[in-house]
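Asker: Before I ask anything, let me first share the structure, which is written out below as structure tokens.
Protein chains: 2
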Amino acid sequence: MAVRVVRTRAELRAALAGAPRPLGLVTTLGALHEGHASLIERARTENATVLVTIFVNPTQFNEPADYERYPRTEVVDVELCARSGADLVFIPTVDQIYPAGSDTVVRVGALTEPLEGAARPGHFEGVTTVVAILFGLAGADRAYFGQKDAQQLLVIRRMTEDLAIGTDVVACPTLREADGLAMSSRNVLLTPQQRAAAPVLRRALSAARSQYDAGERDAEILRATMRMTLAAESLAAPEYVSCADPATLAELDRVNGPALLSMAVRFGAVRLIDNEPLP
Amino acid sequence: MAVRVVRTRAELRAALAGAPRPLGLVTTLGALHEGHASLIERARTENATVLVTIFVNPTQFNEPADYERYPRTEVVDVELCARSGADLVFIPTVDQIYPAGSDTVVRVGALTEPLEGAARPGHFEGVTTVVAILFGLAGADRAYFGQKDAQQLLVIRRMTEDLAIGTDVVACPTLREADGLAMSSRNVLLTPQQRAAAPVLRRALSAARSQYDAGERDAEILRATMRMTLAAESLAAPEYVSCADPATLAELDRVNGPALLSMAVRFGAVRLIDNEPLP
Numbered sequence: 001m002a003v004r005v006v007r008t009r010a011e012l013r014a015a016l017a018g019a020p021r022p023l024g025l026v027t028t029l030g031a032l033h034e035g036h037a038s039l040i041e042r043a044r045t046e047n048a049t050v051l052v053t054i055f056v057n058p059t060q061f062n063e064p065a066d067y068e069r070y071p072r073t074e075v076v077d078v079e080l081c082a083r084s085g086a087d088l089v090f091i092p093t094v095d096q097i098y099p100a101g102s103d104t105v106v107r108v109g110a111l112t113e114p115l116e117g118a119a120r121p122g123h124f125e126g127v128t129t130v131v132a133i134l135f136g137l138a139g140a141d142r143a144y145f146g147q148k149d150a151q152q153l154l155v156i157r158r159m160t161e162d163l164a165i166g167t168d169v170v171a172c173p174t175l176r177e178a179d180g181l182a183m184s185s186r187n188v189l190l191t192p193q194q195r196a197a198a199p200v201l202r203r204a205l206s207a208a209r210s211q212y213d214a215g216e217r218d219a220e221i222l223r224a225t226m227r228m229t230l231a232a233e234s235l236a237a238p239e240y241v242s243c244a245d246p247a248t249l250a251e252l253d254r255v256n257g258p259a260l261l262s263m264a265v266r267f268g269a270v271r272l273i274d275n276e277p278l279p
Numbered sequence: 001m002a003v004r005v006v007r008t009r010a011e012l013r014a015a016l017a018g019a020p021r022p023l024g025l026v027t028t029l030g031a032l033h034e035g036h037a038s039l040i041e042r043a044r045t046e047n048a049t050v051l052v053t054i055f056v057n058p059t060q061f062n063e064p065a066d067y068e069r070y071p072r073t074e075v076v077d078v079e080l081c082a083r084s085g086a087d088l089v090f091i092p093t094v095d096q097i098y099p100a101g102s103d104t105v106v107r108v109g110a111l112t113e114p115l116e117g118a119a120r121p122g123h124f125e126g127v128t129t130v131v132a133i134l135f136g137l138a139g140a141d142r143a144y145f146g147q148k149d150a151q152q153l154l155v156i157r158r159m160t161e162d163l164a165i166g167t168d169v170v171a172c173p174t175l176r177e178a179d180g181l182a183m184s185s186r187n188v189l190l191t192p193q194q195r196a197a198a199p200v201l202r203r204a205l206s207a208a209r210s211q212y213d214a215g216e217r218d219a220e221i222l223r224a225t226m227r228m229t230l231a232a233e234s235l236a237a238p239e240y241v242s243c244a245d246p247a248t249l250a251e252l253d254r255v256n257g258p259a260l261l262s263m264a265v266r267f268g269a270v271r272l273i274d275n276e277p278l279p
């Protein structure tokens with residue numbers, strides 16, 4: 001299947017004008033992996049046209065160094081889009097997304113405050129703004145996001161509903177490497193030693209889940225279990241561990257209903273996140 | 001022509017689903033006057049379906065008392081919509097626009113800082129958020145706004161362009177009473193004495209325009225002329241007078257190109273605005 005690459009708003013608009021509906025959208029920062037492929041494949045099964053966007057959005061990087069070193073792999077990204085069933089790939093420059101004079105932000109409130117929001121000031125405002133722009137440009141019927149970024153998914157759902165944007169937000173499962181590490185574009189930045197240590201996130205989540213499955217309902221005990229598992233890995237520097245209400249992200253005392261276990265852990269300069277919904 | 005009133009998001013969606021395109025939108029706070037009628041009539045000539053929204057948006061009122069006393073005249077508003085050619089009137093309650101849990105704002109930067117933005121903290125964030133929601137709900141091809149709210153028009157254009165919202169923003173001329181007072185829903189709140197004094201805004205703008213037409217290009221002299229005209233009316237309490245760049249709203253020293261004369265003036269508790277584009 002031939003994939004078409006477009007780079008400007010005008011080219012995108014022209015390409016979408018005659019495209020069969022429904023339209024499925026997968027927004028990415030590039031450096032695509034099998035997790036992205038699974039989103040594109042899902043979009044392919046549910047839509048007549050599939051659009052992938054590749055844009056390393058500067059406004060969602062709270063650390064300039066993180067933006068600079070974020071992997072850029074356009075040629076293989078386009079190949080992955082093609083083999084996963086995309087029809088169109090939109091790869092804009094920064095000034096196509098933020099033309100001279102552009103000066104509008106979209107901000108979600110309480111849901112953006114804890115966890116990733118607390119650790120990465122400004123991150124979610126960057127995310128919601130660029131996603132609103134991409135949703136505006138695409139006018140898609142459905143957009144596909146991975147569960148790995150659980151808070152991002154909640155925030156984007158909130159924004160889409162609040163602003164009455166006519167795009168259904170579809171959540172898709174996290175894909176993992178054989179050793180349990182959640183797939184992430186940042187994984188390639190790990191040294192071999194860090195890469196070997198990184199599955200500790202999954203082990204920590206699994207340890208807490210096992211306790212939960214065995215009947216433990218004290219959220220602080222579940223958090224302590226995650227912390228202890230992480231502490232055993234000397235290369236892992238935890239930023240937060242959380243056992244929170246999956247709708248509000250408020251930390252729980254007791255797990256009396258659904259909950260979201262989540263964490264952010266640094267390995268040197270590389271920051272990884274993962275999560276596990278309960279039950 | 002029969003007009004149909006809808007009150008919920010779901011009713012609006014259903015009514016729009018089969019409506020012929022293009023769709024023209026006029027967003028209002030109600031208390032409709034001939035200025036609104038002219039927007040609806042313009043929309044009628046350019047679209048197959050015309051939607052008017054009537055919603056006194058609490059988040060754009062920086063003063064609770066202003067929100068409370070804002071005129072509510074639904075029955076005659078719907079009659080005006082009908083005779084002006086509207087097909088649909090959407091009159092939502094607050095919880096239809098801001099359902100429980102909604103927590104997203106849309107904010108435009110520099111353009112919202114001077115003039116009305118400085119005088120009314122939070123006003124434009126309320127405007128851009130509700131307009132984004134109404135644009136999302138309506139999915140209109142065109143939306144019609146009056147030039148009387150010149151800064152609002154600039155801010156909404158900025159937002160619409162920045163977020164790639166597929167609605168064309170159409171500017172329409174200010175309508176005036178016979179004595180020059182710009183039509184406004186707030187005019188009915190004036191006492192007879194205040195109403196008699198209110199055309200001073202127009203006189204002040206006209207005095208500055210006459211100077212400009214006679215060759216005056218010193219912006220401070222034009223502002224001083226407006227201030228002096230206002231000062232002669234004892235019931236008028238000016239909040240600001242401005243001679244600004246019409247694209248950025250930055251105050252000018254010299255008028256070397258287009259400019260926007262504008263002002264806000266209080267008559268007791270009632271605040272009126274008006275403007276005059278140069279040339």
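Those protein sequences? They're chains A and B, same order as listed. The first sequence runs 1 to 279 under the numbering used here. The second sequence runs 1 to 279 under the numbering used here. Where a beta carbon is used, it is the ideal one built from N, C-alpha and C, also for glycine.
Can you tell me which of Val-105/B, Pro-277/B and Val-270/B puts its alpha carbon nearest to the alpha carbon of Glu-239/B?
Answerer: Val-270/B
Asker: I'd like the list of long-range same chain contacts for Ala-14/A, defined as Cβ closer than 7 Å, with 5 residues on each side in sequence excluded.
Answerer: Close CB contacts of Ala-14/A within its chain, under the 7 Å cut and outside five residues either way in sequence, are absent.
Asker: Judging by CA-CA distance, which residue of Val-241/B, Thr-93/B, Leu-235/B and Ala-207/B is the nearest neighbour of Glu-116/B?
Answerer: Val-241/B
Asker: Give the single residue among His-33/B, Ala-10/B and Ala-48/B whose Cα lies nearest to the Cα of Ala-19/B.
Answerer: Ala-48/B
Asker: Let's test the definition: count the other Cβ atoms within 10 Å of the Cβ of Arg-7/A and tell me whether it reaches 16, buried, or not, exposed.
Answerer: exposed
Asker: What does the Cβ neighbour count give for Gly-268/A, buried or exposed, with the cut at 16 atoms within 10 Å?
Answerer: exposed
Asker: Along the beta strand (DSSP E) that carries Thr-104/A, what are the first and last residues, could you check?
Answerer: 104-108
Asker: Would you please verify whether the beta carbon of Thr-104/A is less than 9 Å from any beta carbon of chain B?
Answerer: At least one chain B Cβ lies under 9 Å of Thr-104/A.
Asker: Using CA atoms only, rank isn't needed, just tell me which of Pro-173/B, Leu-23/B and Asp-253/B is closest to Asp-149/B.
Answerer: Pro-173/B
Asker: Just grab the DSSP bridge partners of Glu-239/A for me.
Answerer: Under DSSP, Glu-239/A takes part in no beta bridge, so it has no partner.
Asker: Are any of the Cβ atoms in chain B nearer than 9 Å to that of Val-76/A?
Answerer: no
Asker: Using a Cβ-Cβ cut-off of 9 Å, state whether Asp-140/B counts as contacting chain A.
Answerer: Residue identity check: residue 140/B is Ala in the sequence provided, not Asp. Chain A contact via Cβ: absent.
Asker: Could you confirm whether any beta carbon from chain C is found closer than 9 Å to the beta carbon of Ala-132/B?
Answerer: Among the protein chains of the structure shown, namely A and B, there is no chain C.
Asker: Please report the straight-line C-alpha distance between Asp-103/B and Tyr-67/B, rounded to a whole angstrom.
Answerer: 21 Å
Asker: Val-188/B by DSSP, collapsed to three states: which one?
Answerer: helix
Asker: Could you have a look at Thr-248/B and say whether DSSP puts it in helix, strand or coil?
Answerer: coil
Asker: If we ignore side chains and look at the alpha-carbon of each, how far apart do Glu-272/A and Val-265/A end up?
Answerer: The question names Glu, but residue 272/A in the sequence shown is Leu. Approximately 5 Å between the Cα atoms of the pair.
Asker: Counting only Cβ pairs nearer than 9 Å, list the residues of chain A close to Arg-157/B.
Answerer: Simply none; closest approach about 11 Å.
Asker: Which word fits Ser-184/A, buried or exposed, when buried means at least 16 other C-beta atoms lie within 10 angstroms of its C-beta?
Answerer: Buried, since its Cβ has 16 or more Cβ neighbours within 10 Å.
Asker: Assuming Arg-107/B contacts Glu-125/B (C-beta within less than 8 Å), just tell me the rounded distance between them.
Answerer: 5 Å
Asker: Residues in the region 158-187 of chain A with C-beta within 7 Å of chain B's C-beta atoms, listed in sequence order?
Answerer: So the close ones are Arg-158, Met-159, Asp-162, Leu-163, Ala-164, Ile-165 and Gly-166.
Asker: Quick check: what's the CA-CA separation for Tyr-144/A versus Val-76/B?
Answerer: 46 Å
Asker: Quick check on Asn-275/B: buried or exposed, where buried means 16 or more other Cβ atoms within 10 Å of its Cβ?
Answerer: buried
Asker: State the start and end residues of the unbroken beta strand (DSSP E) segment that holds Tyr-67/A.
Answerer: Per DSSP, Tyr-67/A belongs to no beta strand (DSSP E); it is in the alpha helix (DSSP H), 64-69.
Asker: Going along the chain, which residues of the region 105-117 of chain B sit with their C-beta nearer than 8 Å to a C-beta in chain A?
Answerer: Val-105, Val-106, Arg-107, Val-108, Gly-109, Ala-110 and Leu-111
Asker: If you measure from the beta carbon of Arg-9/B to each beta carbon in chain A, is any gap under 9 Å?
Answerer: yes
Asker: Could you spell out the range, first to last residue, of the beta strand (DSSP E) harbouring Val-50/A?
Answerer: Looking at the DSSP string, the run of the beta strand (DSSP E) that includes Val-50/A is 49-54.
Asker: May I have a chain-ordered list of the beta strand (DSSP E) segments no shorter than 3 residues that lie completely inside the region 74-127 of chain B?
Answerer: 88-90 and 104-108
Asker: For chain A, is any of its Cβ atoms less than 9 Å away from the one on Thr-59/B?
Answerer: no
Asker: Run through chain B and tell me which residues come within less than 8 Å of Leu-137/A, C-beta to C-beta.
Answerer: Ala-164
Asker: Apply the 10 Å Cβ neighbour rule to Pro-192/A and answer buried if 16 or more other Cβ atoms are within range, or exposed otherwise.
Answerer: exposed
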